[in-house]
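Asks: Chains as they are written, first to last, in our numbering: chain A, 6 to 384; chain B, 6 to 384. Pasting a structure here, questions to come.
Protein chains: 2
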Amino acid sequence: MEINSKLKELEPNFIRHVLARCQEMEDSINLTVGEPDLKTSKIILEKSAKYMLENQLYYAPLGGVLEFREEIAKFYNNQYGSTYDRENVLVTVGATEGISTALRTILNPGDEVIVVKPDYPLYSGLITLLDAKTVYVDSTTNGNKVNADILKKAITSKTKAIILNYPSNPCGTILSQEEVEKISRLVVEHNIYLISDEIYSELVFSGNKFYSPASIKEVKDNLIVVNGFSKSHSMTGWRIGYVLSNKTLRNHLLKISQYTISTPSTLSQYGGIVALKESINLELNLKEYEKRSLDLYNMLKKIGFEVIKPQGTFYILADYSKLSTLNSLDFSMKLLEDTGVAVVPGKSFGAEGCIRLSCTKNLDVLREAGKRLEEYFKD
Amino acid sequence: MEINSKLKELEPNFIRHVLARCQEMEDSINLTVGEPDLKTSKIILEKSAKYMLENQLYYAPLGGVLEFREEIAKFYNNQYGSTYDRENVLVTVGATEGISTALRTILNPGDEVIVVKPDYPLYSGLITLLDAKTVYVDSTTNGNKVNADILKKAITSKTKAIILNYPSNPCGTILSQEEVEKISRLVVEHNIYLISDEIYSELVFSGNKFYSPASIKEVKDNLIVVNGFSKSHSMTGWRIGYVLSNKTLRNHLLKISQYTISTPSTLSQYGGIVALKESINLELNLKEYEKRSLDLYNMLKKIGFEVIKPQGTFYILADYSKLSTLNSLDFSMKLLEDTGVAVVPGKSFGAEGCIRLSCTKNLDVLREAGKRLEEYFKD
Chain A
6 MEINSKLKEL EPNFIRHVLA RCQEMEDSIN LTVGEPDLKT SKIILEKSAK
56 YMLENQLYYA PLGGVLEFRE EIAKFYNNQY GSTYDRENVL VTVGATEGIS
106 TALRTILNPG DEVIVVKPDY PLYSGLITLL DAKTVYVDST TNGNKVNADI
156 LKKAITSKTK AIILNYPSNP CGTILSQEEV EKISRLVVEH NIYLISDEIY
206 SELVFSGNKF YSPASIKEVK DNLIVVNGFS KSHSMTGWRI GYVLSNKTLR
256 NHLLKISQYT ISTPSTLSQY GGIVALKESI NLELNLKEYE KRSLDLYNML
306 KKIGFEVIKP QGTFYILADY SKLSTLNSLD FSMKLLEDTG VAVVPGKSFG
356 AEGCIRLSCT KNLDVLREAG KRLEEYFKD
Chain B
6 MEINSKLKEL EPNFIRHVLA RCQEMEDSIN LTVGEPDLKT SKIILEKSAK
56 YMLENQLYYA PLGGVLEFRE EIAKFYNNQY GSTYDRENVL VTVGATEGIS
106 TALRTILNPG DEVIVVKPDY PLYSGLITLL DAKTVYVDST TNGNKVNADI
156 LKKAITSKTK AIILNYPSNP CGTILSQEEV EKISRLVVEH NIYLISDEIY
206 SELVFSGNKF YSPASIKEVK DNLIVVNGFS KSHSMTGWRI GYVLSNKTLR
256 NHLLKISQYT ISTPSTLSQY GGIVALKESI NLELNLKEYE KRSLDLYNML
306 KKIGFEVIKP QGTFYILADY SKLSTLNSLD FSMKLLEDTG VAVVPGKSFG
356 AEGCIRLSCT KNLDVLREAG KRLEEYFKD
């Protein structure tokens, strides 16, 4: 029996090869993981456990618990100068369902979506499944930061949306306020959607500031913001995120989500409310990621990798072309065999000649990894 | 900006009108709710709360926690004589994501899917979104039980799948073993999929037995079973379900699910493990639903509704054509205004001239509803 013909076109996941081998090896150091190692705040756990014991977990209202949606809107307005209220908010099963729901809501077959390379592979996979077309633009020529000029050249009459992902996975870069404003003007001018995946918005290092297009009034009708609690609050397994958009579009997003998952976990939504209402100090975690990232950045530079200094997230994208001519999958596999350090091949992000390293291990482990790489590339 | 053109074709939800009015009214009795009022077992809550306090909730493995998948396969094999192992199991965000993932995995535009009326509206909505076609067959001519003859007449060269939902929402009926075998032979013969939505499998009343096509070896390659914990274990807000299929198809289903939600809540999966591993007595809840359903059934018959005796679930579909000539939306609204009893218009299930009543209120409340209806239709 035939299945959905688009499934064949999905790219294989290159991390898997590396991960499978890494798990077999003793003394390997796994720097592939895009998941916080720092723990969820205790108050979220304790309040959620209590809530579960005292309340039957019924279906949440479609689109999300009212109080949660209110808190999310408030949080964004405070943090990023937006003007959302609860009618702008759809609660989702993590940012993944947010991205999926956004694309499934706005795309028709044949539509084009502009995606910035290096890119998080979810985007193009979803676009393929919807029989739409990914149009790539390259940000590596501009220090891993896209700009309005690069984007403008890729716009055609078929363009439906641009996807931005800053702070960037895998690059760790952010855009300047000026550039965000220019890009916002561009999407308004061309009457297309801007999907801003801001899942790393709270992980921005000192001396840097993240500007969300949500702060720009003029782009509000074109804008779809996706965010969640996985990275900022170390709540990956809770699967809780949200989409912000204009109200009409929000009701369409809701329909897609309702026909897909009905509604996200009621307890996870409660956990999200606690995360936003309690004054949880996220500063400590952020400082830790920053310290690790800058430490690893310096080690990699010293060894001979070309690296752009990360401004946020917990990722570093390192260009190894001065060290090896292997393709990124072979390079990653060889690195693993010879040093025990597991990294993600850049190919996964459309970044051949690069590897991605995650700073989701403590400083001692990262330094051990750095030491091994230094040893290895000495020769 | 244009959005997904298929969204316009989705049917509005007729329950909403009734619900909105019901919530405004004092002393109304809401019999629209498709959600258990009986509580989740305490041991699930206590063990899950403890687990959450003692373990960081990381991302679950793609496709579901290993132990959970093993327990699900074991449960189905014990209960329904199937031969699944963990590689046949995909864990989903409730049965809703199971249905959605199944249809998105197998359908191409233009495919036909046979749906049995009265039907749960999720199916046709999803089929529409996928640019495929719902081909309805009518089971009301056969006591709200479809059979192989009815289905066979609807099969064309474009048919990709048949969806069965027994025990049936909204009818409360189940199929005989003989009929399940005949339908299984039919789908094998025509090389099409059989999607069996078995979410009410554990709610079958005494003297009746639910036969799952999962027990029939010959149909295993064609079969996609969808089930979950919402109804059997009163775990609606946990959003946890699963799909059982052959292993090749399971890996395709996994891709769709991965690109949509990444993976379901880790805690909910843990709760599902507890639900399956602890010996939880579901018999008490079942007896309660049975008592309520048969009580309401007798009341409705006495009043003059035509009702088929429910064999399971907690729903009753009642034909009011001897009592009123109104369409089902108007009838439901008038019933609500005049008696305060809220029911779902049959239109929601393609069953004009009927209403659906949920036995998810206690016996006293159901009897009060019955009394009001009896009063009302006396004249």
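All C-beta atoms, glycine included, are put in the ideal place defined by N, C-alpha and C. Bear in mind that the values here come from a model prediction, so they are computed numbers and not experimental data.
Which residues does DSSP pair with residue 311 of chain A in a beta bridge?
Replies: Within the first sequence, numbered from 1, the residue matching residue 311 of chain A stands at position 306. Partner(s): A:324.
Asks: In whole angstroms, what is the alpha-carbon distance linking residue 372 of chain A and residue 176 of chain A?
Replies: Stepping through the first sequence from its first residue, residue 372 of chain A is reached at position 367. Stepping through the first sequence from its first residue, residue 176 of chain A is reached at position 171. For residue 372 of chain A and residue 176 of chain A, the gap between their C-alpha atoms comes out near 20 angstroms.
Asks: Do you know whose CA, among A:238, A:18, A:379, A:68, lies nearest residue 290 of chain A's CA?
Replies: On the first sequence, position 285 is the one that residue 290 of chain A refers to. Looking at A:238, A:18, A:379, A:68, the one whose alpha-carbon comes closest to that of residue 290 of chain A is A:238.
Asks: Which residue comes first and which comes last in the alpha helix (DSSP H) that contains residue 149 of chain B?
Replies: Position 144 of the second sequence, counting from 1, holds the residue named residue 149 of chain B. First-last for residue 149 of chain B: undefined, no H or E at that position.
Asks: Closer than 8 angstroms by beta-carbon distance: list the chain A residues that pair up with residue 357 of chain B, in chain order.
Replies: Reading the second sequence from its first residue, position 352 is the one you call residue 357 of chain B. Per Cβ cutoff of 8 angstroms: no residues; residue 357 of chain B is ~23 angstroms from chain A at best.
Asks: Decide if residue 260 of chain B is buried, meaning its Cβ has at least 16 other Cβ atoms within 10 Å, or exposed.
Replies: The residue you call residue 260 of chain B lines up with position 255 of the second sequence. The residue in question, residue 260 of chain B, is buried, as its Cβ has 16 or more Cβ neighbours within 10 Å.
Asks: Ignore the nearest five residues each way along the sequence and tell me which others in residue 111 of chain B's own chain have a CB closer than 7 angstroms to its CB.
Replies: Position 106 of the second sequence, counted from the start, is the residue given in the question as residue 111 of chain B. Non-local C-beta neighbours of residue 111 of chain B in its own chain, meaning closer than 7 angstroms and more than five positions away in sequence, comprise 165, 166, 198, ordered along the chain.
Asks: List, in chain order, every chain B residue whose beta-carbon is nearer than 9 angstroms to that of residue 72 of chain A.
Replies: In the first sequence, counting from the first residue as 1, residue 72 of chain A sits at position 67. Within chain B, no residue comes near residue 72 of chain A; the closest Cβ sits about 15 angstroms away, beyond 9 angstroms.
Asks: Assuming residue 173 of chain A contacts residue 149 of chain A under a Cβ cut-off of 8 angstroms, what Cβ separation, rounded to an integer in Å, is found between them?
Replies: Indexing the first sequence from 1 puts residue 173 of chain A at position 168. Indexing the first sequence from 1 puts residue 149 of chain A at position 144. Right, the Cβ-Cβ distance comes to about 7 angstroms (below 8 angstroms), so this counts as a contact.
Asks: Please report the straight-line C-alpha distance between residue 84 of chain A and residue 98 of chain B, rounded to a whole angstrom.
Replies: For this step, residue 84 of chain A is matched to residue 79 along the first sequence. For this step, residue 98 of chain B is matched to residue 93 along the second sequence. Cα to Cα, the separation comes out at about 31 angstroms.
Asks: Determine which residues of the region 139 to 167 of chain B have a Cβ less than 7 angstroms from any Cβ of chain A, and write them out in chain order.
Replies: none
Asks: Looking at the structure shown, is residue 176 of chain B part of a helix, part of a strand, or coil, going by DSSP?
Replies: Translated into positions along the second sequence, residue 176 of chain B becomes position 171. Residue 176 of chain B falls in the coil class under three-state DSSP.
Asks: Assuming residue 244 of chain A contacts residue 269 of chain B under a Cβ cut-off of 8 angstroms, what Cβ separation, rounded to an integer in Å, is found between them?
Replies: Stepping through the first sequence from its first residue, residue 244 of chain A is reached at position 239. Stepping through the second sequence from its first residue, residue 269 of chain B is reached at position 264. Yes, residue 244 of chain A and residue 269 of chain B are in contact; Cβ-Cβ is about 7 angstroms, under 8 angstroms.
Asks: Let me know if residue 106 of chain B comes out buried or exposed under the rule of 16 or more other beta-carbons within 10 Å of its beta-carbon.
Replies: The sequence position of residue 106 of chain B within the second sequence is 101, counting from 1. Label assigned to residue 106 of chain B: buried.
Asks: Three-state secondary structure (DSSP) at residue 317 of chain A?
Replies: Locating residue 317 of chain A in the first sequence gives position 312, where the first residue counts as 1. In the displayed model, residue 317 of chain A falls within a strand according to three-state DSSP.
Asks: When we look at the beta-carbon of residue 114 of chain B and count the other beta-carbons within 10 Å, is it buried (16 or more) or exposed?
Replies: Counted from its first residue, the second sequence places residue 114 of chain B at position 109. That one is exposed.
Asks: Just reading off the beta strand (DSSP E) that residue 27 of chain A is part of, what are its end residues?
Replies: Position 22 of the first sequence holds residue 27 of chain A. It is not in any beta strand (DSSP E) - residue 27 of chain A instead sits in the alpha helix (DSSP H) that spans 20 to 29.
Asks: Which chain B residues sit within Cβ distance under 9 angstroms of residue 109 of chain A?
Replies: Position 104 of the first sequence holds residue 109 of chain A. For residue 109 of chain A, the chain B residues whose C-beta falls within less than 9 angstroms of its own C-beta are 9, 134, 265, listed in chain order.
Asks: Could you tell me which of A:48, A:49, A:41, A:60 sits nearest to residue 49 of chain B, measuring between CA atoms?
Replies: Within the second sequence, residue 49 of chain B is the residue found at index 44, counting from 1. Among A:48, A:49, A:41, A:60, the Cα nearest to that of residue 49 of chain B belongs to A:60.
Asks: Classify residue 307 of chain A: buried if its beta carbon has 16 or more other beta carbons within 10 angstroms, exposed otherwise.
Replies: Walking along the first sequence from the start, residue 307 of chain A turns up at place 302. It counts as exposed.
Asks: Under a three-way DSSP split, which group does residue 239 of chain B fall into?
Replies: Here the question's residue 239 of chain B lines up with position 234 in the second sequence. DSSP places residue 239 of chain B in coil when its eight states are reduced to three.
Asks: Which residue or residues does DSSP assign as beta-bridge partners of residue 117 of chain A?
Replies: One-based indexing of the first sequence puts residue 117 of chain A at position 112. Partner(s): A:138, A:164.
Asks: Measure the CB-CB distance between residue 23 of chain A and residue 337 of chain A and report whether it falls below 7 angstroms.
Replies: Translated into the one-based positions of the first sequence, residue 23 of chain A becomes position 18. Translated into the one-based positions of the first sequence, residue 337 of chain A becomes position 332. For residue 23 of chain A and residue 337 of chain A, yes; Cβs fall inside 7 angstroms.
Asks: Can you look up residue 214 of chain B in the DSSP assignment and give me helix, strand or coil?
Replies: Indexing the second sequence from 1 puts residue 214 of chain B at position 209. If DSSP states are grouped into helix, strand and coil, residue 214 of chain B belongs with coil.
Asks: For residue 69 of chain A, which residues of its own chain have a beta-carbon under 6 angstroms away from its beta-carbon, when the five flanking residues on both sides are left out?
Replies: Within the first sequence, numbered from 1, the residue matching residue 69 of chain A stands at position 64. Same-chain partners within the cutoff: 96.
Asks: Considering residue 394 of chain B, what are the terminal residues of the beta strand (DSSP E) in which it resides?
Replies: Shown here, chain B extends from 6 to 384; a query on residue 394 of chain B therefore has no answer.
Asks: Pull the bridge partners of residue 86 of chain B from the DSSP assignment, please.
Replies: Position 81 of the second sequence, counting from 1, holds the residue named residue 86 of chain B. In the DSSP output, where bridge partners are listed per residue, residue 86 of chain B has none listed.
Asks: At 3 residues or longer, and completely inside the region 36 to 95 of chain A: list those beta strand (DSSP E) runs for me, N to C.
Replies: The qualifying runs do not exist here; there are none.
Asks: Closest by CA to residue 103 of chain B, which one among B:117, B:89, B:122, B:131?
Replies: Walking along the second sequence from the start, residue 103 of chain B turns up at place 98. With distances taken between Cα atoms, residue 103 of chain B lies closest to B:131.
Asks: From residue 138 of chain A to residue 117 of chain A, what distance separates their C-alpha atoms?
Replies: Locating residue 138 of chain A in the first sequence gives position 133, where the first residue counts as 1. Locating residue 117 of chain A in the first sequence gives position 112, where the first residue counts as 1. If I take the Cα positions, the gap works out to 5 angstroms.
Asks: Using a Cβ cut-off of 7 angstroms (strictly closer), state whether residue 247 of chain B contacts chain A.
Replies: Taking the first residue of the second sequence as position 1, residue 247 of chain B is located at position 242. Residue 247 of chain B does not count as touching chain A.
Asks: Just curious, the beta strand (DSSP E) that residue 232 of chain B is in, first and last residue?
Replies: Counting from one through the second sequence, the residue named residue 232 of chain B turns up at place 227. Its beta strand (DSSP E) spans residues 228 to 233.
Asks: Could you run through the region 167 to 197 of chain B and flag, in chain order, every residue whose CB is less than 8 angstroms away from some CB of chain A?
Replies: 196, 197
Asks: Restricting to Cα atoms, I'd like to know which of B:376, B:282, B:14 is closest to residue 136 of chain B.
Replies: Locating residue 136 of chain B in the second sequence gives position 131, where the first residue counts as 1. Out of B:376, B:282, B:14, B:14 has the C-alpha closest to the C-alpha of residue 136 of chain B.
Asks: Name the residues in the region 250 to 262 of chain A whose C-beta lies less than 8 angstroms from a C-beta of chain B; which are they?
Replies: 254, 257, 260, 261
Asks: Check the Cβ-Cβ distances between residue 30 of chain B and every residue of chain A, and say whether any is below 7 angstroms.
Replies: Against the second sequence, residue 30 of chain B aligns to sequence position 25. False, the Cβ-Cβ gap to chain A never drops below 7 angstroms.
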